[in-house]
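Residue numbers (the working numbering), protein chains in the order written: chain F, 1149 to 1537; chain W, 1149 to 1537; chain C, 1149 to 1537; chain E, 1149 to 1537.
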């Protein structure tokens, strides 16, 4: 069971499986802030379009400002009755404002509006450190590509030495993969939409101001206004799932290469961080812990993606279970991807390259075979990497 | 991020997604207890086979007794260096015993031995409330089958009324599914094995007492002694995954039926719990919250199972990532299945059957078609259900 | 086992599970054509950049033109030796050209170059009928949205009647989902890249003409030139997986709604195709077969996506298994998505709407509640749908 | 699209991805035989219990005997109307018997009864060569364990040399994994049940002879009689999924180890089959093709398992899509597991062990560390392996 702490403690496994900034952004505390932020923006937007008084909206904003004044465990416990924590949160928020402002709370909205919109905020915030870590990892890979532009090593296919490559080319391809994964995640992050539909998508209780209100709500939260409610049309979830799964795949590829190149018998890479990788029982060991942990986190991706895609089948105007199954699954996927990215950044930043071993390992069969376009490909890739995006 | 609390607080989503007893059993606190219990049993087993002094073993047992004296967050934070929390835990345990007993701590073991064995304890304890809830759900289904042995209702195929069935037969089939799922989980729980192999499976540092020690360790923990270490032969994880996934599938089927039969237009079932299912905006609504939440939890199963099965590919004598990816994935699967079971039990216990609606809904096309063997099948199924297992 | 036929026979399950045009495009015959097309374009591109004689290239083109002259089963059987069918295909192609043109076959390429590039052609061709079917389905949904702009029906949340919506709004949301899924698939299709790297990505045997050759190869095949080989950086596979999985999710949502609205007790929709849905045993039945089959196909998506994402971890310069696991998995996913789209188009095209039942089903609780912005939202959505893309 | 051939041709990818005997057993031809066998046994069982004349039953048996007289493509094409191929098959079978025997065809059954029961026959037959291959692989592993009982090699954890093990111990653990996977599959195979429920599970049209008929039907087909129809209680599918997924996991582990130990720089294992593994471009290469292909097949497992487990949520008395999604998914999983097993058997049978490289690779750090209980563990494991099961 995941309790309601601030998210700042790693717990027993968090340092391994929930590294980096994303984990905090999917914590209960972060969710509570996001939910309140949505309620706050909703009241403000309602004032913007004139269906509540500005003073009432301000009261809601004030009450929403301090997320710590809401008891996460009490609200969470009360969620069992309605199947979502939004209803008890709304009750708590109404209790926290003057009676005159009560009507301005949660106006025209249904629980799913608030939860989905908050989920988009949570996703965007969790993606931020994730793409930042991926971007830093790409920068390190770029630097390695430059420095090892001409460092020959064995190219390996099916685990067998094939023809020579350069470590620079390997790093350039890692970099391109990281840049691609980052670009996909950023594109998804930029397009995350507000959800505002009321009880069944018609905004029946928004006094005819629904379309305007949605525009203002989106603007206040810096989310996209999709025009149409998407309560059971889960394109944004499919987009997140696909881009996060792809991100995990790229991290797994690179971390897997590092693990293989760090094998005792190959020894072309090692992890320089002296605080890591030791073994109490085996003093000679230098485990590539960062790469191992990056893989562990990344491997969680595909199964979680499958769950989110399965959950796209949502009945009528609100799903009877599929929607609820998204909440933690998406958080786990955000956390796993973020953690994988954080470990990989760390891994690449502490990577020690052993060109001597690369040279020694090249078997006689590979002698005299050139490295073809490797240098030109690296140069091309570095130019692409440097392009403003 | 999941922090280190006692597991007794639900957090924002726990009441919906982590109901029932399993969630507590996969908490950090439960893990810490299990890890210490393994270290304690290991020292005792080592004394049993004469490779450490009984007094030293007793000191380890004493130090291990109070799990709360170990700082989960500090140990968890230190896990980043080694990639597992066991190394810092062993260090903390060594610091907690007299110098003379230090050699008795973690004797002949590797981190994976302790973590895997603790994981088996955690799994067994999480399965206990889960099978208990499934069993109670089956008992309620049996009672419904008896009471509605002759209550006719429409049989529906592809959503269309086909021929009549009885609600008793429906319940008897639910019951048989629950009994089957429970039996599978119990069989897996009974066969959960101890893991003891030392650094690479040879028990090289157990002074030749490894085989005996494993027998004693298994006996002390009431786990099975598999004879051979299974550090990278993950049959026990495959078994858990398959049985838990099947359990989720059965819960999803039954909860799905309840959701469908509770539809406004069908109205053959409803949820009697007056504390649940209301809607602030729509006073007329009586949402089948327990069934909805059971489905939500159960839907998390298949993706998590896929992750665990993918993680069965573990390299050499310890996997570089796949092993680490199991920890939370298995916990999430145990929690999801347990929560699904708890919600389903609750759902069935509060189920209100509306035989009048069942009769009204039977369309003219179904008139005059009998219910065949339905009663005989119910009687058969109830006899099977009553058999001692 | 899937044999080597032309793909034009449905087999026992193909009419249900491999409907539409995508299935033919992933058949062995289509693959053989694509593989030969790549070899043909490769020879031509090599002549373009001057590393083979134009006459030799023309001989390769001629020999490649008739895919039926290559024995798929013989080539497939020989694939066991190398682990791919490309090596025996290249041998057969070399045997089919004059001795003087042999050097122009497969120049500077490795098996993976040809297979990956052919896979992109196969994917693009399978996506074509798929997006066409999705697009037609969206057009039907748009028409339904227009016609039923003011047809009130019950909005349903968690299976319970909530507030009124209009069937037009439901269709407008379906339409937006289909448009979104189509746009994602089209974007992926447009970006599908050529793969050309030689034995290990350096193009060592392309005589220094590799970069130019890749440009020409891409142009000849109307694929994108990514600049850098992506043999083990599987972004294009991740993109395909994500967009196809999202497509399946949208189809499942809509088909699921149709199944629910066609239930005997609801009866708001039915399937008008008189050739379908009958039951030999139950003359009164009118099963919504097209919606059922659409769901069946769509449900295959998430698991296949998970396999493709897991397979993104590809070692070094060619993966030892993960690459091979993509071939059929991607084809199955393309076929499943295409079949789901074809069934859904058919389903919507034959949909009969029963406004009388929609009106009757509206319970008293929903009386007097308006449909809010429904009409305005439909109008907005139709304008978006009509925008050129 | 998978056409209707006899299953004896491999097609383009079958030699890699559909090796071994299972592929034929899931072909359309095998399905057609199984469907007819069920219809034949059903008529016979109906005669056994006296609800049809023996002569009519015999006519059905005769007509069913020659599966090749039924046009798979025509029947398959007609499946689009009903959503299953059973209805057109029954029509064809009725047309093939004298008018007097027509009533004896498909008596009291629904399409799902015949398809599900045939699916159990198909599964059992596909499991037969699969478990046989796994068993042979285990025997080879046992032999290797005996021969290399004292062959020291580096034990490796996280890819790093840790302490010595013996290759015999590695093989003994492989063997135990294979034995375990085989035992699980055989237990599932032995428990595969007949399905007989009529239109909605009540056997309403079996003239009160349903219970007896099910007993006879099960006996005739050597399937288990579960007592209760399981049309939407998919425990047997969950069991198959779990055991097949576990089988894939064990194959992936062993094949993965072979790939790693065959790496050029490690060279402790190689593939002796001279017909395999060569590269046209790189004469020095000896790719471990069998291990690579075994992994490729095994990697398809987890995603397919997830699909089958998701499909366990089946509505009411027949599912609107989930059931249909099982057919090919289960076949693909049976084929993938069978192919993985066939490749692994081949891999182990042709494995060349290089004890000299094992000795050379042992780094100085591992000198003087013994192999502990390795020999005793091997002896124990071989005794367990030899036990009659």
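Just so you know, even glycine gets a beta-carbon here, dropped at the ideal spot from N, CA and C.
Using a 10 Å radius around the Cβ and a threshold of 16 neighbouring Cβ atoms, would you call residue i buried or exposed?
| i | result |
| --- | --- |
| residue 1451/C | buried |
| residue 1439/F | buried |
| residue 1521/F | buried |
| residue 1286/F | buried |
| residue 1217/F | exposed |
| residue 1537/E | exposed |
| residue 1535/E | exposed |
| residue 1155/F | Summary for residue 1155/F: the model assigns pLDDT 46, below 50, so the residue's position carries little reliability, and this model does not support an answer. |
| residue 1167/E | buried |
| residue 1303/C | buried |
| residue 1509/C | buried |
Report the option in the options whose CA atom is closest to the CA atom of residue i.
| i | options | result |
| --- | --- | --- |
| residue 1221/C | 1507/C, 1490/C, 1179/C, 1434/C | 1179/C |
| residue 1491/F | 1362/F, 1284/F, 1387/F, 1456/F | 1284/F |
| residue 1612/W | 1363/W, 1469/W, 1279/W, 1529/W | Any answer about residue 1612/W is impossible in this case: the structure gives chain W only from 1149 up to 1537. |
| residue 1400/E | 1214/E, 1326/E, 1273/E | 1326/E |
| residue 1380/C | 1201/F, 1320/F, 1185/F | 1320/F |
| residue 1515/F | 1268/F, 1165/F, 1309/F | 1309/F |
| residue 1208/C | 1269/C, 1250/C, 1331/C | 1250/C |
| residue 1406/F | 1247/E, 1192/E, 1371/E, 1307/E | 1307/E |
| residue 1213/C | 1228/C, 1199/C, 1245/C | 1245/C |
Identify the contact partners of residue i in chain C, using a Cβ-Cβ distance below 7 angstroms as the criterion.
| i | result |
| --- | --- |
| residue 1306/W | 1435, 1436, 1440 |
| residue 1462/F | 1401 |
Please list, in chain order, the chain W residues whose beta carbon lies closer than 9 angstroms to that of residue i.
| i | result |
| --- | --- |
| residue 1180/F | 1160 |
| residue 1363/C | By Cβ distance, chain W contributes nothing, its closest Cβ being about 38 angstroms from residue 1363/C, past 9 angstroms. |
| residue 1322/F | Neighbours of residue 1322/F on chain W: none; closest Cβ ~17 angstroms, over 9 angstroms. |
| residue 1233/F | 1160, 1161, 1163, 1164 |
Any idea which residues DSSP pairs residue i with across the strands?
| i | result |
| --- | --- |
| residue 1501/C | 1417/C |
| residue 1278/F | Note: residue 1278/F sits in no beta bridge, so no partner. |
| residue 1309/E | 1304/E |
| residue 1372/W | 1341/W |
Please list the partners that residue i has in chain E, where partner means a Cβ-to-Cβ separation under 8 angstroms.
| i | result |
| --- | --- |
| residue 1236/W | Those within 8 angstroms of residue 1236/W in chain E number zero; the least Cβ separation is about 17 angstroms. |
Applying a beta-carbon distance threshold of less than 7 angstroms, which residues of chain F neighbour residue i?
| i | result |
| --- | --- |
| residue 1458/E | 1458 |
Below 7 angstroms on C-beta distance, what does residue i contact in chain E?
| i | result |
| --- | --- |
| residue 1512/W | In chain order: nothing, as chain E lies at least about 17 angstroms away. |
At a CB-CB cut-off below 9 angstroms, which residues of chain F make contact with residue i?
| i | result |
| --- | --- |
| residue 1411/E | 1304, 1307, 1308, 1309, 1408, 1411, 1413, 1414 |
| residue 1454/E | 1451, 1454, 1455, 1458 |
Which residues of chain C have a Cβ atom closer than 9 angstroms to the Cβ of residue i, listed in chain order?
| i | result |
| --- | --- |
| residue 1472/E | 1161, 1164, 1165, 1440, 1441, 1443, 1444, 1445, 1447 |
| residue 1315/F | Within chain C, no residue comes near residue 1315/F; the closest Cβ sits about 12 angstroms away, beyond 9 angstroms. |
Worksheet entry | Three CB pairs or more closer than 8 angstroms across the stretch 1375-1395 of chain E and the stretch 1331-1344 of chain E | yes
Worksheet item: Are the stretch 1170-1178 of chain W and the stretch 1245-1263 of chain W touching by the rule of at least three beta carbon pairs closer than 8 angstroms?
Response: no
Worksheet item: When the Cβ atoms of the stretch 1457-1475 of chain C are set against those of the stretch 1472-1489 of chain F, are three or more pairs found closer than 8 angstroms?
Response: no
Worksheet item: On the three-pair Cβ rule with 8 angstroms, is the stretch 1232-1240 of chain C touching the stretch 1352-1362 of chain C?
Response: no
Worksheet item: Given 8 angstroms as the limit, is there contact between the stretch 1417-1424 of chain E and the stretch 1498-1505 of chain E, that is, 3 or more CB pairs closer than that?
Response: yes
Discussion item. I want to know whether the stretch 1258-1274 of chain F touches the stretch 1182-1189 of chain F - three or more CB-CB distances under 8 angstroms.
Written reply: yes
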